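Residue numbers 12 to 541, in our numbering, belong to the letters of the sequence shown in order. Each residue gets a CB set at the ideal place from its N, CA and C atoms; glycine is no exception. Keep in mind the model is a prediction, meaning the values are calculated, not measured. Remarks on the structure that follows.
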Amino acid sequence: MKKFRTILLYFVILLLFGIIETKLYHLQVTQREYYIEKAHALGEMKERLALRRGQIFITDRNSNKIPASTDKDYPIIYAVPKEIEDPEEIAFSLASLIDWEEEELIGVIDNPDSLFRLLVDKASEEVLAEVEERDLQGIHIDKKKHRFYPFEELASHALGFVGINKEYNIPRGLYGIEKEYNADLSTGENLELTIDRNIQAQSERILKELMENFSADGGTIIVQEPQTGKILALANAPNFDPNTYSKFPIASFLNPAVQNIYEAGSVFKPITMAAGIDTGSITPETTYEDRGSITINGEEIKNWDEKANGVITMTNVIEGSVNTGAVFAMQKTGKKDFLSYLKKFGFGKITEVDLPDEVGGSLENLERKHNQDIDFAAASFGQGTAVTPIQLIGAFSSIANGGKLMRPYLNTDKKPNVIRRVIDKETSRKVTEMMESAVEKAWVAALPQYKIAGKTGTAQIADLTRGGYTDEFNHTYIGFGPTSNPRFTALIKLVKPSAELAGRTVVPAFRELAQFILSYYNVPPDKISE
């Protein structure tokens with residue numbers, strides 16, 4: 012009996028070894044390719060999930076590097092379809108939990124050749140806990156680096172966002188700086204921007220208040236360093252949170268600062284004066300008799316207040332924003348030279364700022380072969396030409412810095428670049444003094460301790476359907492200071508505000524922003540109190 016038990020035990024052991032050997036053979040030979048493939052696929056997936064995208068930093072007045080776009084680990088849920096024996100059962104149990112249609116999920120996981128399909132990005136804690144509890148075949152949890160914007164909406168149109176498809180792919184910049192420098196960021200290279208966190212935040216706060224107080228459709232604020240072309244702030248409204256960009260309407264992703272063309276209105280008059288003074292056609296003291304209106308090509312041009320001002324100087328024209336005076340200055344300059352200066356100031360062509368999909372505006376009315384005198388007359392006070400905010404601020408920065416058109420930029424790796432000299436230093440000084448006089452006379456934008464130069468623009472919005480103009484307006488104000496040594500140029504634009512005149516909307520806003528910037532930089536006063 013004892014011998015029989017020994018023999019039986021021997022055979023049992025042999026049987027067990029046989030089973031183990033068979034299993035090992037099955038794993039090592041029969042399914043060897045599957046496990047090698049799976050290991051490689053999951054290894055590649057892990058490597059991709061861990062790939063670090065370069066950070067984007069903004070700055071402050073002390074040159075501190077502040078992360079504004081970085082990577083953060085988020086939980087994901089993914090499937091290995093090759094492991095799933097019953098796709099329908101898995102889909103029935105999982106689809107509603109992860110917000111998929113059941114049939115759609117079956118189509119994704121019913122693929123025995125697939126080793127990885129991303130199902131949920133940024134999974135919530137509740138969903139993760141439920142998935143873990145259900146312990147579904149072929150459904151796994153891991154972590155993936157996702158783009159994270161700690162300041163949420165701050166500078167969203169400058170920073171942009173990164174997109175990920177449901178079927179896993181390497182993150183790719185889809186908008187803003189993320190798109191413009193995607194190749195660099197994708198390899199882990201960091202970027203430092205010229206955007207100042209505090210000036211940006213102040214600009215966005217002011218713009219938000221403008222939008223609310225005047226029920227505007229949109230708005231833009233740009234702050235630039237005139238001597239270098241650096242963009243210190245770029246704010247648009249409405250804006251968006253790049254962390255959850257998919258929840259915002261696609262219209263939010265138009266960048267009005269570089270993509271929205273419009274007729275700027277009277278803010279254009281200093282450009283007209285600069286062209287006339289630089290060619291020697293006029294001086295700030297040149298006079299003419301303003302009768303309140305002028306007729307050109309059968310069309311009457313009136314002053315905004317329909318008043319006749321009598322004999323006035325070109326400085327008076329800027330102070331009172333006199334339309335007929337701008338026409339006079341353009342006529343003295345001549346159409347050919349006037350158009351040449353508009354191009355020298357950068358209008359009609361992209362600025363090449365390092366943001367994607369910039370548009371160049373249009374001088375088509377003036378460039379066409381059979382242009383009319385009325386087209387040039389209207390252009391002298393900012394009608395009939397299409398410009399962008401980034402072009403406008405660049406043109407005014409060239410007046411502020413002594414006559415040089417600088418290329419605007421946001422990446423600190425790009426050094427200041429003089430595109431061309433537009434006007435000479437003496438012309439720059441004279442136009443600055445004319446704008447400074449306008450500020451002092453109106454007082455709305457004036458600061459008690461600083462000399463500020465600026466110009467308003469209240470421009471009718473063109474009717475693109477029926478031609479002519481609507482009863483709605485864009486308000487713009489551009490200014491710089493202190494005029495003794497300009498530290499900033501700022502543009503504030505408001506689309507279709509409820510108030511009629513820019514003096515009630517963007518001008519007080521400019522004053523508030525200018526005071527903040529000058530205090531923030533501890534700029535010494537340059538105005539002597541009388």
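My assumption, with CB atoms under 8 Å, is that residue 246 sits in contact with residue 270. Please give the rounded CB distance. About 15 Å separates the two Cβ atoms, so there is no contact after all.
Count the other CB atoms, across all protein chains shown, that sit within 10 Å of the CB of residue 412; report buried if there are 16 or more and exposed otherwise. Buried is the label assigned to residue 412, since at least 16 other Cβ atoms lie within 10 Å of its Cβ.
By DSSP's criteria, residue 230 is part of a beta bridge. Which residues make up the other side? Its beta-bridge partners are 248, 505.
Beta-carbon proximity list for residue 123, same chain, < 7 Å, skipping 5 on both sides: 92, 93.
Rounded to a whole number of angstroms, what is the C-alpha to C-alpha distance between residue 101 and residue 252? Straight-line Cα distance between these residues: approximately 34 Å.
Could you check whether residue 63 and residue 197 sit closer than 8 Å to each other, using their CB atoms as the reference points? Contact: no.
Are residue 188 and residue 242 close, meaning C-beta to C-beta below 8 Å? No Cβ-Cβ contact shorter than 8 Å links residue 188 with residue 242.
Please report the straight-line C-alpha distance between residue 290 and residue 165, rounded to a whole angstrom. Answer to the nearest angstrom: the Cα atoms are 43 Å apart.
Report back the beta-carbon spacing between residue 416 and residue 433 to the nearest angstrom; my notes put them in contact at under 8 Å. 5 Å between Cβ atoms; contact.
For residue 117, which residues from the same chain have a beta carbon less than 8 Å from its beta carbon, with the 5 sequence-adjacent residues on both sides left out? Counting only Cβ-Cβ distances below 8 Å, and skipping sequence neighbours, we find 98, 99, 102.
If you drop the 5 nearest sequence neighbours on each side, which residues of the same chain put their C-beta closer than 7 Å to that of residue 310? Excluding residues within five positions, the ones whose Cβ falls inside 7 Å are 385.
Among 331, 201, 279, 136, the one whose alpha carbon lies nearest that of residue 403: Nearest in C-alpha terms to residue 403, of all of 331, 201, 279, 136, is 279.
Indicate the three-state DSSP secondary structure (helix, strand or coil) for residue 148 in the structure shown. In this structure, residue 148 counts as coil in the three-state DSSP scheme.
Buried or exposed by the 16-neighbour rule on C-beta atoms within 10 Å, applied to residue 160: Residue burial is scored here from C-beta neighbours: residue 160 has at least 16 other C-beta atoms within 10 angstroms and is therefore classed as buried.
Report buried or exposed for residue 157, applying the criterion of at least 16 other Cβ atoms within 10 angstroms of its Cβ. It is buried - the Cβ of residue 157 has at least 16 other Cβ atoms within 10 Å.
From residue 381 to residue 427, what does the alpha carbon distance come to, in whole angstroms? Distance between the alpha carbons of residue 381 and residue 427: 39 Å.
Given residue 343, which residues of its chain have a CB within under 7 Å of its CB, disregarding the five upstream and five downstream residues? Around residue 343: 287, 292, 293.
Under the rule that 16 or more other beta-carbon atoms within 10 Å means buried, what is residue 154, buried or exposed? That one is exposed.
Can the beta-carbon of residue 442 be found less than 8 Å from the beta-carbon of residue 472? No, the Cβ-Cβ distance between residue 442 and residue 472 is not below 8 Å.
Taking residue 304 as part of the beta strand (DSSP E), name the residues at either end of that continuous run. Looking at the DSSP string, the run of the beta strand (DSSP E) that includes residue 304 is 304-307.
Taking only runs that begin and end inside the stretch 97-163, name each unbroken alpha helix (DSSP H) of 4 or more residues, in chain order. Correct list: 98-105, 113-120, 136-145.
Using a Cβ-Cβ cut-off of 7 Å (strictly less than) and excluding sequence neighbours within five positions of residue 284, which residues of its own chain qualify? Only 325, 329, 340, 442, 445 meet the Cβ criterion.
Please say whether residue 170 and residue 67 have beta carbons closer to each other than 8 Å? A Cβ-Cβ contact shorter than 8 Å links residue 67 with residue 170.
beta-carbon residue 472 near the ligand PLP non-hydrogen atom, thresh 7 Å: The ligand content of the structure shown is nil, which means the ligand PLP is not present either.
Counting along the chain, where does the beta strand (DSSP E) carrying residue 381 start and finish? First-last for residue 381: undefined, no H or E at that position.
I believe residue 276 touches residue 510 by the beta-carbon criterion, under 8 Å. Please report the beta-carbon distance rounded to the nearest angstrom. About 15 Å separates the CB atoms of residue 276 and residue 510; that is not less than 8 Å, and the two are not in contact.
If distances are taken between C-alpha atoms only, which option among 527, 533, 538 comes closest to residue 216? Minimum Cα distance to residue 216 is reached at 527.
Residue 204: which of 449, 364, 306 sits nearest, CA to CA? Measuring from the Cα of residue 204, the nearest candidate turns out to be 364.
CB contact flag (residue 492, residue 462, <8 Å): Yes, these two residues count as a Cβ contact at 8 Å.
Please state whether DSSP places residue 358 in a helix, a strand or coil. Assigned with DSSP and collapsed to three states, residue 358 falls in coil, not helix or strand.
Helix, strand or coil at residue 179 according to DSSP, with G and I counted as helix: For residue 179, the pLDDT reaches just 47, beneath the cut-off of 50, and the residue's location in the model is therefore unreliable, although a value from the coordinates is still provided. It is coil, neither helix nor strand.
Residue range of the beta strand (DSSP E) that residue 553 falls in? The question about residue 553 has no answer here: the residues shown for the chain are numbered 12 through 541.
If you pair each beta-carbon of the stretch 358-378 with each one of the stretch 310-322, do three or more pairs fall below 8 Å? Touching, no.
Let me know if residue 23 comes out buried or exposed under the rule of 16 or more other beta-carbons within 10 Å of its beta-carbon. Bear in mind that the predicted position of residue 23 carries a pLDDT of just 46, short of 50, making it unreliable; the figure below should be weighed with that in mind. Exposure of residue 23 is indicated by the presence of fewer than 16 other C-beta atoms within 10 angstroms of its C-beta.
Determine the burial state of residue 532: buried for a count of at least 16 other Cβ atoms within 10 Å of its Cβ, exposed for fewer. Exposed is the call here.
Would you mind stating whether residue 406 and residue 356 have Cβ atoms separated by less than 8 Å? Taking 8 Å as the Cβ cut-off, residue 406 and residue 356 qualify as a contacting pair.
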